[in-house]
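In the numbering used here, the protein residues as written are 10 to 261.
Rendered as structure tokens:
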């Protein structure tokens, strides 16, 4: 269930969801994990460290700090991992990549309802959830990694099914699958995020928008859509060109 990845130095940091429905339970029936992979030799990557949710050390044993890990963001010597099944944002010290350790974990079922992605800028982590009942962008103060806390939130129907978040300067950009939107949020005051002019809703181009990035200048946001407005099938296997799969589809 490998799902999220971030790269820093000669290492890739991976968040894995663990065992999912309809998957074989062997050899791994874990509930989520955080892996450190050495990629200094690109032709022979190797796992050098692992934190497994089902066997976390004290005081994190049984907390679900890495339950169903979905995303990783790196800032300085810390990795930030979203764990939607436990409504957590977990901070991991990676100053020694061979021995990562959890230093803090925030659980908040309201602000982190089903948190699936995170971006970090300065002393704040910006977290989005896939909720459709109360879709939220949560701003988490991580100035003290051992004690992260929610500093501000924004809830909006434009964020229904939020899937990806990217941050640049005074703005956060969110791609949402259910709302089919690219939402621009003013975070000049992280404690009071607000919708900015420029919320873009277009089913022709952004149906089930799930991928998002910013170009190097920050002038453009690139958004990917897995399906056209005329298609209602879910974006799961078989994928285009696989046996039984559809023809090429979606937009960028």
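For every residue, glycine included, the Cβ atom is placed at its ideal position computed from N, Cα and C.
- Contact between the region 96 to 116 and the region 160 to 175 is absent, with fewer than three C-beta pairs closer than 8 Å.
- Here the region 67 to 76 does not lie against the region 50 to 59, with fewer than 3 beta-carbon pairs under 8 Å apart.
- For residue 59, the uninterrupted beta strand (DSSP E) segment begins and ends at 55 to 61.
- Here DSSP, grouped into helix, strand and coil, assigns residue 104 to coil.
- Distance between residue 83 and residue 25, taken at the CA atoms: about 16 Å.
- A direct Cα-Cα distance of roughly 10 Å separates residue 50 from residue 20.
- Contact check for residue 76 against residue 94 passes: the beta carbons are separated by less than 8 Å.
- For residue 237, the secondary structure class from DSSP, reduced to helix, strand or coil, is coil.
- Of all C-beta pairs linking the region 208 to 224 to the region 183 to 193, three or more are shorter than 8 Å, placing the two stretches in contact.
- Beta-bridge annotation (DSSP): residue 212 is not paired with any residue.
- Per DSSP, residue 85 is not a residue of any beta strand (DSSP E), being assigned neither H nor E.
- Annotated as distal: residue 154 and residue 81, with beta-carbon spacing of 8 Å or more.
- For residue 158, DSSP records a beta bridge to 150.
- Just so you know, the alpha carbons of residue 92 and residue 246 end up roughly 24 Å apart.
- Residue 213 sits exposed, since fewer than 16 C-beta atoms from the chains shown fall within 10 Å of its C-beta.
- In this structure, residue 146 keeps its C-beta atom at 8 Å or more from the C-beta atom of residue 199.
- The C-beta separation of residue 159 from residue 120 comes to about 5 Å, placing the pair in contact by the 8 Å criterion.
- Taking a contact as a CB-CB distance under 8 Å, the pair residue 61 and residue 96 does not count as one, their CB atoms being some 20 Å apart.
- Rounded to the nearest angstrom, the Cβ distance from residue 192 to residue 223 is 14 Å, too far for a contact under 8 Å.
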